[in-house]
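Comments concern the structure below.
Protein chains: 2
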Amino acid sequence: MALKVRYADGKVGEVEEPVEALEIYRHSTSHLMAAAVCSLFPDTHLGIGPAVSDGFFYDFDRATNFTEDDLPRIEAKMRELASRDLNYQPRILTREEAVGLFSKKGEDLKVELIEERAGQQLSCYQLGDLVDFCLGPHVYSTGLIHPDSFRVMSLAGSYWKGDEGNRRMQRIYGTAFLTPGDLQAHLAQLEEAKKRDHRKLGRELDLFSVSEEAGPGLIFWHPKGTRVRLVIEDFLRQVLLRRGYEFVVTPHIARNALWRTSGHYDYYRENMYVFNIEDEEFVIKPMNCPGHIQIYKSGMRSYRDLPLRFAEFGTVYRQEKSGVLHGMLRVRGFTQDDAHIFCTREQVYGEISDLLDLVLFVMQAFAFDKYQVELSVRDESRRQDYAGTEEDWRMAESALVQAMTAKGMQWKRMEGEAVFYGPKIDVKLIDAIGRPWQLSTVQFDFTLPKRFDLAYIGPDGQPHQPVMLHRALLGSIERFMGVLIEHFAGAFPIWLAPVQATVIPIAVRHQPYGRQVLEQLANAGLRVEIDDRNEKMGYKIREAQAKKVPFMLVVGDKEAQSGQISVRNRTEGDKGAQSVESFIAAIRGHIEARSVRP
Amino acid sequence: MALKVRYADGKVGEVEEPVEALEIYRHSTSHLMAAAVCSLFPDTHLGIGPAVSDGFFYDFDRATNFTEDDLPRIEAKMRELASRDLNYQPRILTREEAVGLFSKKGEDLKVELIEERAGQQLSCYQLGDLVDFCLGPHVYSTGLIHPDSFRVMSLAGSYWKGDEGNRRMQRIYGTAFLTPGDLQAHLAQLEEAKKRDHRKLGRELDLFSVSEEAGPGLIFWHPKGTRVRLVIEDFLRQVLLRRGYEFVVTPHIARNALWRTSGHYDYYRENMYVFNIEDEEFVIKPMNCPGHIQIYKSGMRSYRDLPLRFAEFGTVYRQEKSGVLHGMLRVRGFTQDDAHIFCTREQVYGEISDLLDLVLFVMQAFAFDKYQVELSVRDESRRQDYAGTEEDWRMAESALVQAMTAKGMQWKRMEGEAVFYGPKIDVKLIDAIGRPWQLSTVQFDFTLPKRFDLAYIGPDGQPHQPVMLHRALLGSIERFMGVLIEHFAGAFPIWLAPVQATVIPIAVRHQPYGRQVLEQLANAGLRVEIDDRNEKMGYKIREAQAKKVPFMLVVGDKEAQSGQISVRNRTEGDKGAQSVESFIAAIRGHIEARSVRP
């Protein structure tokens, strides 16, 4: 379904490409919102109003604060304007005309934007009474914006151009989709995401907390959260050891000399925490790479030692503004499942190929079956801005592309998205409610081996520079945990569940048998609890269900006499009586298979 | 054997108690050394010369530096003076006489000491030409100092009164024992300790390193060291989980507010690293306790939840002068095997009793069969200086004493050695060459529960304050690793060994079979390597032996044909051929038993 649009030069066209069409549609809805706001609140001045990844926003400058109650009024006014089928009317202006026009309207911020703009040919769009400085394109008219395809969402504070030194603005967020059905799906996803919010579930399931007294963005892992974390770490550790990785441990602090050599001190300084020891500056590590390099450099390396694959669950700390912190998903301290591979050029393809297998294996283990891959490469027009030789980039890119092709993977090529030190692959996992999460990354580094003068002795007896790869599978264990909680809505698969089964004695007299069952299960290595409170069975079952415990094992007279347990599972309810041994065998099967159900 | 001594008042006596006798003997040998130094180098002025834990030292003030070559001359002069059987001649002086005497001799530092001293009755001792300001007692005469019972050991720089702002001194270390046999044993221990130096073995066995570029006192755990560390951590984790501990993870940084509440900011500030985030001061954690307390406080606690035992391998950072850092034994960053127990008063005895069992169990697991226990209690004359009530101290001390008694443990009561917040037990393990290492500690804390206002709801429905215990078994994993390396002289027991077996193919044609054996062992979960270099078998065996690998598995024609391996172990040599399966069974037996040999 093509979208009829009007370009700034007045030409009319059609846009087929859905991503492009959606962006135009949202941008136009943003103008529609601005028109509605200015009509309702004439004392409002305009900032900017772009489309963003899940909708759009407009930043306004107004002495009075907007309130939540204004939002439905704005939305109603937008519908009214939309129903009038107003044109998005472009006009080409000279710089002088543009300045004159917006000065007259008292739109200082627009004048500022115009003055920053190069070139003489500028444009604005008129929509009803609203005139906005804008490059377009826009939809042809508001009749193309379905009245049930948008929603005014929320209010937030912001700063002009995102700079805290500038004027405070009031941002109104909205969202829009090409069809009302798409909007409904999005709102349903938001509703579902709210129920799954890892901060809410983290509290209810007693998994983690953040402490005001200790400071924001710092995660305290409670016993139950730590159980899940340790299962994840143990699993990864076994997987990595089988694949020829070696674990290392490196300190959290180091002299700034290390970070000067690595270049972080010059290019990453604003993200690092620094302090002094004996009048010398030290850094709390924001990355593990320079530490792994120290270990590489601690001895002579020969081609016979390569590839070396150093892995660490390395906790790093980075500057983040307190305003952007969000539960486990955006924090100041996090533990990367980090690894660095040092290899010869001949080994690169094999390493990349193994890495992609590993990413797919780990992803499946955690029940993510959909993913998107992005290959970030150089901007070919700015080759001089990148580290590494022509041959480095060709070798790296070809290894990445060949390995993905061999696995039958689909990917999106992101031109110019590579960082300056090498190309990379990012893997975004799609969670149970369709949201993408960037987790795994495989990244070439053409600069650190040079900066640290890394070498290995080749078969020719001469020193050579190894190729260095950064890679993470989960990214950060904190963030991954947050994603997992939301992915599973707190109902972890049995192998990950902090409590795998709760024993529920029906009455006080069944407690001794209940404890016997508990012990038997604990000795089998299962994570089990007993609910021996003096409460009704139904209440205890409901509570275990609310805690998302996979199995409830009810024991009463019948079970005690027959030496059995009555098994309920959280998804299917009552499964009848069975022996403890057969239950253990069944649950072990689930654990080994890492099955998601029951 | 009693030691004949002369007290400052001129009285002669006998000292039987060996610790006291040794201290007097060493102090007198220190005076003997000072007499020898002043006789050889008349431009020398005196600082102080006390007995210390493994000998004595004397700090001298002299314009010219002493050299290593001076040490044998000093020792020879000491023997000469000793052979003259000079008396240690005391003399009581008034303050004025003392100042006059030492001023005349130009001994400014002695005058400074005299002036700081309260009271009118002072004393000095004369030994030949040496007059020293001294409280005594001393041995009766130098004839009592056996010429083969002492040794001048080494030179070091120091500062007057240990303060870097003061005059630089030259320290000469010596050692002395009551018998020549004791001295010989000590020197042999030192010689053995040198061979076992964990820094040397750490390098040779590729276990860890310290990086100049990253800074001193920060340990980089290499793959082989990390293997050992992970075995230790996994072992402890399993032991603790079986004993009802729950693991937690807490961040390495926190607001200074947390450390103000805990009191560390006021009383421990000089040991902490601080830095800023958004103009607020943060602290790199020197302790894990406040973090565990945050988790305790994250929810309501009932008496039914207690005891809560939170464990963490928590990495902490503390200020240490670069001059005192020493390999893994004294560092700036280390990982405590830390735990905090929150319990009711009624649960205290049970917890202490379990803790002592745990200490003994873990000690034996790591092949330490000797230990010393110290119980540190209040100075009863300064009761007002301690936190906690009378009843707290009585309850705590009685629980400690009763539990030790019940286990048949011996302990030394250290009056006044308790820290202000509660009594404690320290356990010193005696290593393979007889050196004590303070590792385990169990410590009551009467202050943090109050400072953080900790509570649990009792059966009476009212809030009560829990008892809090700090405890560590290994102390610090870094330090423990250093001790283990020296204890085992690098030859780790099989269950800890970073490489448990090396497969050694005799010739190139045996490599495929060797790799097959390697794979079989690796699949059985063993840590194995293959030495497939083109070197002679004897050379490879010697190298594996030097790397202290417990088993060398030689494979040649005979073994390949019969599907066997020829087993050598590092202590007993050739053990003959056996099947891979029977070797796996045997090594698994060693691992499960945590046996030290072979």
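Same order as they appear, the protein sequences are chains A and B. In terms of this note's numbering, the first sequence has 386 at position 383, counting the first letter as 1, and numbering is strictly consecutive. In terms of this note's numbering, the second sequence has 155 at position 152, counting the first letter as 1, and numbering is strictly consecutive. Each residue gets a CB set at the ideal place from its N, CA and C atoms; glycine is no exception. All figures in this text were calculated on a predicted structure; none of them were measured in a lab.
Q) Taking all protein chains shown into account, do 16 or more other C-beta atoms lie within 10 angstroms of the C-beta of threonine 182 of chain A, making it buried, or fewer, making it exposed? A) exposed
Q) What's the C-alpha gap between glycine 592 of chain B and alanine 458 of chain B? A) If I take the Cα positions, the gap works out to 47 Å.
Q: Would you be able to state if there are at least three C-beta pairs under 8 Å between the region 235-254 of chain A and the region 282-298 of chain A?
A: Of all C-beta pairs linking the region 282-298 of chain A to the region 235-254 of chain A, three or more are shorter than 8 Å, placing the two stretches in contact.
Q.
To the nearest angstrom, how far is the alpha carbon of tyrosine 276 of chain B from that of histidine 267 of chain B?
A. 12 Å
Q. Out of A/Pro501, A/Asp340 and A/His255, which has the shortest C-alpha to C-alpha gap to glutamate 532 of chain A?
A. A/Pro501
**Q.** Beta carbon proximity, phenylalanine 250 of chain B to chain A, threshold 8 Å
**A.** yes
(Q) Less than 8 Å between the beta carbons of leucine 309 of chain B and glutamine 350 of chain B, yes or no? (A) yes
Q. Within 10 angstroms of its Cβ, does phenylalanine 364 of chain B collect 16 or more other Cβ (buried), or is it exposed?
A. exposed
Q.
Let me make sure I understand the geometry here. Which of B/Glu584, B/Ala504 and B/Pro515 has the alpha-carbon closest to that of arginine 571 of chain B?
A. Ranking B/Glu584, B/Ala504 and B/Pro515 by Cα distance to arginine 571 of chain B puts B/Ala504 first.
Q | Of the listed residues B/Ser356, B/Asp132 and B/Ile287, nearest to glutamine 322 of chain B (C-alpha basis) | A | B/Ile287
Q) Among B/Phe223, B/Arg416, B/Gly50 and B/Pro93, which residue has its Cα nearest to the Cα of glutamate 115 of chain B? A) Checking every option, the nearest Cα to that of glutamate 115 of chain B belongs to B/Gly50.
Q | Proximal chain A residues relative to glutamine 297 of chain B, where beta-carbon distance stays under 8 Å | A | Within 8 Å Cβ-Cβ: Ser212, Ser214, Glu216, Ala217 and Phe223.
Q: Could you spell out the range, first to last residue, of the beta strand (DSSP E) harbouring methionine 4 of chain A?
A: Element bounds for methionine 4 of chain A: n/a, residue is neither H nor E.
Q: Can you have a look at asparagine 291 of chain B and say buried or exposed, based on whether 16 or more other CB atoms are within 10 angstroms of its CB?
A: buried
Q | Nearest-angstrom Cα separation, counted from arginine 246 of chain A out to arginine 240 of chain A | A | C-alpha separation (whole angstroms): 10 Å.
Q: For my contact list, tyrosine 143 of chain A and valine 8 of chain A are in at a C-beta cut-off of 8 Å; report their separation, rounded to the angstrom.
A: 6 Å
Q.
Would arginine 335 of chain A and glycine 220 of chain A be called neighbours here (beta carbons separated by less than 8 Å)?
A. Yes, they are a contact pair.
**Q.** Nearest-angstrom Cα separation, counted from alanine 406 of chain A out to tyrosine 420 of chain A
**A.** For the record, residue 420 of chain A in the displayed sequence is glutamate; it is not tyrosine. Whole-angstrom Cα-Cα distance: 20 Å.
**Q.** Among B/Gly228, B/Glu216, B/Ala527 and B/Gly218, nearest to arginine 206 of chain B - alpha-carbon criterion
**A.** Looking at the Cα atoms, B/Gly228 is the closest of the given residues.
Q. Would you call the region 366-378 of chain B and the region 487-497 of chain B touching, i.e. three or more CB-CB distances under 8 Å?
A. A contact exists between the region 366-378 of chain B and the region 487-497 of chain B.
Q: Leaving aside the five residues before and after leucine 186 of chain A along the sequence, list all residues of the same chain whose C-beta is less than 8 Å from its C-beta, in chain order.
A: Excluding sequence positions up to five before and after leucine 186 of chain A, its CB lies within less than 8 Å of the CB of Asp151, Ser152, Phe153, Arg154, Thr178, Ala179 and Phe180, all in the same chain and listed in chain order.
Q: Just the chain A side, please: which residues come within less than 9 Å of valine 102 of chain B by C-beta, in chain order?
A: Correct list: empty, because the minimum Cβ distance to chain A is about 39 Å.
Q. Taking C-alpha atoms, which residue in A/Gly437, A/Glu546 and A/Thr574 lies nearest to glutamate 194 of chain A?
A. A/Gly437
Q. In the region 374-438 of chain A, which residue ranges form an unbroken beta strand (DSSP E) of at least 3 residues, counting only runs that do not cross its ends?
A. 415-418 and 427-433
Q. Between the region 490-511 of chain B and chain A, which residues of the former have CB atoms less than 7 Å from a CB of the latter, in chain order?
A. none
Q: Spatial neighbours of lysine 543 of chain B within its chain, please: CB distance less than 6 Å, with the 5 preceding and 5 following residues excluded, ordered by chain position.
A: Cβ within range, chain order: Ile507 and Asp534.
Q: Give the residues of chain B in contact with serine 325 of chain A, contact being defined as C-beta atoms less than 8 Å apart.
A: Per Cβ cutoff of 8 Å: Glu281.
Q: Compute the distance between the beta-carbons of phenylalanine 316 of chain B and glutamate 481 of chain B, then report whether it is under 8 Å.
A: No, these two residues do not count as a Cβ contact at 8 Å.
(Q) Ignoring anything shorter than 3 residues, give me the beta strand (DSSP E) runs that lie fully in the region 529-560 of chain A, in order along the chain. (A) As far as the region 529-560 of chain A is concerned, its whole beta strand (DSSP E) runs of at least 3 residues are 531-533 and 554-558.
(Q) Residues in the same chain with beta-carbon distance under 7 Å from serine 305 of chain B, minus the five sequence neighbours each way, listed in chain order, please. (A) Tyr459 and Ile460
Q.
I'd like to know whether the C-beta of phenylalanine 285 of chain A is nearer than 8 Å to at least one C-beta of chain B.
A. yes
Q: Alpha carbon to alpha carbon, how far is aspartate 382 of chain B from tyrosine 389 of chain B? Give it in angstroms, no decimals.
A: Their Cα atoms are separated by approximately 9 Å.
Q: State yes or no: is the C-beta of isoleucine 488 of chain B within less than 8 Å of the C-beta of leucine 190 of chain B?
A: no
Q: Would you list the one or two residues that DSSP bridges to leucine 158 of chain A?
A: A/Ile175
Q) CB glycine 485 of chain B to CB methionine 331 of chain B, shorter than 8 Å? A) Remark: C-beta atoms of glycine 485 of chain B and methionine 331 of chain B approach each other more closely than 8 Å.
Q: With 8 Å as the threshold, decide whether the Cβ of glycine 336 of chain A is near any Cβ in chain B.
A: yes
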